[in-house]
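Single-structure report; data block below.
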Amino acid sequence: MNDKTAQIAEEILDGKIIDRAETEYLFSLGDEDFQDLLYWANRIREKFFGKKVKVCSIVPGRLGGCSQDCKFCAQSSRYETSFKKTETLSDEEILKAAKKAKQKGVPNFGIVYSGKTISEEELARLEKLISKIKNEIGIGVCGGFGIINYEQAQRLARAGMSRYNHNLETSRNNFKNIVTTHDYNSRTETIKAAKQAGLGICAGGIFGIGETDADRIDMALELRELDVDMVPMNFLHPIAGTPLADMPTMQPREILRLIALYRFILPRVHIKAAGGRMLNLRDMQSWIFYAGATAIISGDYLTTAGRAVEEDLQMIKDLGLEAELVCG
Ligand code: SF4
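What follows is the structure in structure tokens.
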């Protein structure tokens, strides 16, 4: 057992938040320390979250046709993918999906939109829909509609929204290599605005897009600074037609290492294994919890097929953990 890792982990278990030097040390560990990292990440997860695991599902309210150029994304209209054109759910379809979520017994309806932001007209529509879902169907709403300011966040919160999703995607330094149509500050400002409006924050990023370990550390520390409460970790699922179509997929042990390292850096924040889980982790999916994850996205992802919620619930039960359906 590595003494220094053990010492850092014991301090985290005692409530300490690690600094950049300790973070860099943990990232420098080699494959021989893999089991050690997972052992301690699991201990940290158990200490702060016990047996509870959150399960989220999302409904794409607006899919594809996005003006932005995020290199990993199948929904950009700039790339030749099957999501080039925008498809928007009608009011009836959204309300029907929310009723279905209510029948499943989940406390929140999770809905996300493609696109840089939302228009005034769309915001007004969403306000009405969110209010109906909250007051008439009787469940909360979480999700994301792109870049928003404080006033827009306030209107969504007043309508009944409880949590906003807006990923940083990668580090500030690497962002320009991945997205050129908007800047990193618009992302951090959106998160700050949503938080100031009283919304819970779900913000993470995507890995396997050419970032370095330094980028991964930068993003984790930025998320910690922003005081988010859930960090979705997506792992590139290369899509034909996008600029990252030929990127090699990530290795399962590399993903587990990253989840464990994020658990060390963000000991009390939910870490959610999200897009790319099926493709990249293959048979090692259930290991994510022993690496420190406390949440998963279940069911289909936005542009790729996922696993049936029932299968994930069975996996969680088999691991001796307790699933809590958060949104559907
Ligand atoms: S990640 Fe979001 S903003 Fe970027 S291209 Fe995809 S839908 Fe558009």
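In terms of our numbering, the sequence shown opens at residue 1276 and continues consecutively. Cβ coordinates follow ideal geometry from the N, Cα and C atoms, glycine included. It should be emphasised that the depicted structure is a prediction, and the values quoted were computed from it without experimental measurement.
Segments of 4+ residues assigned as alpha helix (DSSP H) that fall wholly inside the region 1377-1439:
The qualifying runs are 1395-1407 and 1425-1434.
Report back the beta-carbon spacing between GLY1339 and THR1361 to the nearest angstrom; my notes put them in contact at under 8 angstroms.
For the purposes of this step, residue 1339 is identified with residue 64 of the sequence shown, where counting begins at 1. For the purposes of this step, residue 1361 is identified with residue 86 of the sequence shown, where counting begins at 1. Between THR1361 and GLY1339 the Cβ distance is about 5 angstroms, and since that is below 8 angstroms, they are a contact.
Does the Cβ of ASP1587 have 16 or more other Cβ atoms within 10 Å, making it buried, or fewer, making it exposed?
For the purposes of this step, residue 1587 is taken as residue 312 along the sequence shown, with counting starting at 1. With 16 or more Cβ atoms within 10 Å of its Cβ, ASP1587 is classed as buried.
Same chain, Cβ closer than 6 angstroms to LYS1409, five either side skipped, listed in chain order
Position 134 of the sequence shown, counted from the first residue, corresponds to residue 1409. Taken in chain order, the residues that qualify are GLY1435.
Beta-carbon proximity of VAL1330 to VAL1601, cut-off 9 angstroms
Mapped onto the sequence shown, residue 1330 falls at position 55. Mapped onto the sequence shown, residue 1601 falls at position 326. Yes, Cβ-Cβ distance for VAL1330 and VAL1601 is below 9 angstroms.
Reference ARG1462, options ARG1433, ARG1491 and GLY1421, closest by Cα
Residue 1462 sits at position 187 when you count from the first residue of the sequence shown. Relative to the Cα of ARG1462, the nearest Cα in the group ARG1433, ARG1491 and GLY1421 belongs to GLY1421.
Find out if the Cβ-Cβ distance for the pair THR1445, GLU1486 is shorter than 9 angstroms.
On the sequence shown, position 170 is the one that residue 1445 refers to. On the sequence shown, position 211 is the one that residue 1486 refers to. Yes, Cβ-Cβ distance for THR1445 and GLU1486 is below 9 angstroms.
Which residues bound the beta strand (DSSP E) around ALA1570?
For the purposes of this step, residue 1570 is taken as the residue at position 295 of the sequence shown. Looking at the DSSP string, the run of the beta strand (DSSP E) that includes ALA1570 is 1570-1572.
Between GLU1297 and the rest of its own chain, which residues show a CB-CB distance below 6 angstroms, the 5 nearest in sequence each way excluded?
Translated into the one-based positions of the sequence shown, residue 1297 becomes position 22. Within the same chain, GLU1297 has close Cβ partners ILE1283.
Quick one: Cα of ARG1438 to Cα of LYS1346, how far?
Position 163 of the sequence shown, counting from 1, holds the residue named residue 1438. Position 71 of the sequence shown, counting from 1, holds the residue named residue 1346. Answer to the nearest angstrom: the Cα atoms are 26 angstroms apart.
Can you find a C-beta in chain B that's less than 9 angstroms from the C-beta of SER1352?
In the structure shown, chain B cannot be found, because there is only a single protein chain.
Endpoints, beta strand (DSSP E) assigned at PHE1482
In the sequence shown, residue 1482 corresponds to position 207, counting from 1. Taken as a continuous stretch (DSSP letters only), the beta strand (DSSP E) holding PHE1482 covers 1480-1482.
Hey, is the region 1286-1304 in contact with the region 1549-1564, meaning 3+ C-beta pairs nearer than 8 angstroms?
no
Is ALA1391 near the ligand SF4, in the sense that its beta carbon is under 8 angstroms from a heavy atom of that ligand?
As a working mapping, residue 1391 is identified with position 116 in the sequence shown. Per the sequence shown, the amino acid found at residue 1391 is Lys instead of Ala. Checking the Cβ of LYS1391 against the ligand SF4 gives yes.
Cβ-heavy atom distance between VAL1544 and the ligand SF4 below 8 angstroms?
Taking the first residue of the sequence shown as position 1, residue 1544 is located at position 269. It does not: the Cβ of VAL1544 is nowhere closer than 8 angstroms to a heavy atom of the ligand SF4.
In the DSSP assignment, what residue or residues form a beta bridge with ILE1546?
Stepping through the sequence shown from its first residue, residue 1546 is reached at position 271. Beta-bridge pairing links ILE1546 to VAL1506.
For ARG1353, which of helix, strand or coil comes out of DSSP?
Start at 1 with the first residue of the sequence shown, and residue 1353 comes out as number 78. ARG1353 falls in the coil class under three-state DSSP.
How big is the Cα-Cα spacing for GLY1516 and GLY1325?
Your numbering for residue 1516 matches position 241 in the sequence shown. Your numbering for residue 1325 matches position 50 in the sequence shown. If I take the Cα positions, the gap works out to 42 angstroms.
Taking DSSP as the reference, what is the three-state secondary structure of ILE1369?
As a first step, residue 1369 is located in the sequence shown; it is residue number 94 there, counting from the start. Residue state, collapsed to three classes: helix.
Assess contact between the region 1562-1577 and the region 1307-1326, defined as three or more Cβ pairs (one per stretch) separated by less than 8 angstroms. Is contact present?
yes
Does the separation of the CB atoms of GLY1336 and LEU1312 fall below 9 angstroms?
As a first step, residue 1336 is located in the sequence shown; it is residue number 61 there, counting from the start. As a first step, residue 1312 is located in the sequence shown; it is residue number 37 there, counting from the start. It is not a contact, given that the beta carbons lie outside the stated cut-off.
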